[in-house]
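Quick note: the sequence shown, position 8, residue 7 per numbering that gives the first Met the number 0, numbers continuous. The C-beta atom is built at its ideal place from N, Cα and C for all residues, glycine as well. Everything on this sheet refers to the single structure shown next.
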Amino acid sequence: MTDNQTTTPLSGNWGIITPAIFQQFEDISINVKPERLQVYIKKAQELDLKPFLSYPLYYQLNKYFEADGQMKTDTPQVYKNLVNGCEYTDRSGYISRYEGLIPTLVYFTFARFIEGNGVHYTATGPVIKQYDNAQAVSTQDLTRLVQQQRSVANAHANEVEKFLQDKQNDYPLWRYNERNKSARQSGPRIRSVDRTNFNDVTGIAEIDNFLPLDIFL
């Protein structure tokens with residue numbers, strides 16, 4: 000690194016959506032801790048949303064959010080529109096309704112949640128949940144569920160992309176990259192090993208009754 004290059008440490012707990020906003024789109028069990036859902040929100044932001052928006056626009060957008068996920072009051076209107084949606088005139092002169100970034104991030108998060116929540120990592124190794132009155136989802140069905148949610152996310156992402164193209168002058172930091180489309184493919188995502196205390200025993204039988212993963216291998 001040369002002398003004229005500087006770095007700024009990241010601070011706060013970045014978040015464009017909160018678990019409470021997520022619940023407005025998908026009905027998640029009350030037994031799922033908000034902290035656990037927040038893990039997948041941050042993964043979706045960093046691994047799905049950031050490359051899609053382009054790094055400069057993503058980092059600029061995050062400057063307008065508080066650590067608790069609330070948008071700052073002095074956020075410019077163009078960034079409020081980007082996140083929350085608006086009606087606007089497109090390049091062809093038609094009035095269009097844009098739903099905002101939130102649905103895109105919600106469904107990227109949901110796909111990662113479905114994929115990552117089926118397998119837990121305990122002190123004795125990876126396990127799959129088993130319930131007293133239900134059967135665990137098969138690997139094939141789990142893959143289809145992930146693909147379905149990523150397809151929904153990609154449909155919303157296409158709308159965001161159109162909005163950014165139509166309003167390019169308002170978002171000069173955005174850079175279209177064809178490789179972003181391949182990055183948004185509908186297949187399962189690589190996930191890191193979850194060794195947090197969110198996988199601790201809860202005392203709820205239907206959650207803590209795990210089936211060892213190795214019987215499926």
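Can you name the start and end residues of the beta strand (DSSP E) that residue 88 belongs to? The sequence position of residue 88 within the sequence shown is 89, counting from 1. Per DSSP, residue 88 belongs to the beta strand (DSSP E) from 85-88.
Terminal residues of the continuous alpha helix (DSSP H) containing residue 93? Translated into the one-based positions of the sequence shown, residue 93 becomes position 94. That residue, residue 93, is in no alpha helix (DSSP H); it is neither H nor E in DSSP.
Pick out the complete alpha helix (DSSP H) segments inside the stretch 21-88, 4 residues or longer, and give them in chain order. 33-43, 49-52, 54-61, 76-83
Looking only at its own chain, which residues have a Cβ that is under 6 Å from the Cβ of residue 204, when we skip the five neighbours before and after it? Within the sequence shown, numbered from 1, the residue matching residue 204 stands at position 205. Its pLDDT being 45, under 50, residue 204 is placed unreliably in this model, and the coordinates cannot settle the point.
In this structure, how does DSSP classify residue 142 when only helix, strand and coil are distinguished? Residue numbering aside, residue 142 sits at position 143 when the sequence shown is read from its first letter. Residue 142: helix per DSSP, three-state reduction.
CA-to-CA distance, residue 15 to residue 46, given in whole angstroms: On the sequence shown, residue 46 is found 47 positions in, with the first residue counted as 1. On the sequence shown, residue 15 is found 16 positions in, with the first residue counted as 1. Using only the alpha carbons, I get a separation of about 14 Å.
On the CB-based measure, 16 or more other CB atoms within 10 Å of its CB, does residue 18 come out buried or exposed? For the purposes of this step, residue 18 is taken as the residue at position 19 of the sequence shown. Residue 18 should be labelled buried.
If you run the structure through DSSP and keep just helix, strand and coil, what is residue 98? If you number the sequence shown from 1, residue 98 lands on position 99. The answer is coil: DSSP assigns residue 98 none of H, G, I, E or B.
How many Å lie between residue 144 and residue 96 at the Cα? Here the question's residue 144 lines up with position 145 in the sequence shown. Here the question's residue 96 lines up with position 97 in the sequence shown. Each residue's alpha carbon lies about 28 Å from the other.
I need the DSSP call for residue 174, collapsed to helix, strand or coil. For the purposes of this step, residue 174 is taken as residue 175 along the sequence shown, with counting starting at 1. The answer is coil: DSSP assigns residue 174 none of H, G, I, E or B.
Taking C-alpha atoms, which residue in 69, 68, 100 lies nearest to residue 83? To locate residue 83, count along the sequence shown from 1; it is residue 84. It is 100.
Buried or exposed for residue 172, going by 16 or more other Cβ atoms inside 10 Å? As a working mapping, residue 172 is identified with position 173 in the sequence shown. Classification for residue 172: exposed.
Given residue 170 as reference, the closest of 80, 73, 109 once Cα atoms are compared: Within the sequence shown, numbered from 1, the residue matching residue 170 stands at position 171. Closest option to residue 170, Cα to Cα, is 80.
Restricting to Cα atoms, I'd like to know which of 75, 41, 90 is closest to residue 66. Taking the first residue of the sequence shown as 1, we reach residue 66 at position 67. Among 75, 41, 90, the Cα nearest to that of residue 66 belongs to 41.
Measure the beta-carbon distance from residue 21 to residue 105 and round it to whole angstroms, keeping in mind my assumption that it falls under 8 Å. Position 22 of the sequence shown, counted from the first residue, corresponds to residue 21. Position 106 of the sequence shown, counted from the first residue, corresponds to residue 105. Indeed they touch by this definition, with Cβ atoms about 6 Å apart.
Roughly how far, in whole angstroms, is the beta-carbon of residue 108 from the beta-carbon of residue 39, given that I think they are within contact range, below 8 Å? The residue given as residue 108 occupies position 109 in the sequence shown. The residue given as residue 39 occupies position 40 in the sequence shown. The pair is a contact, with the Cβ atoms about 5 Å apart (cut-off 8 Å).
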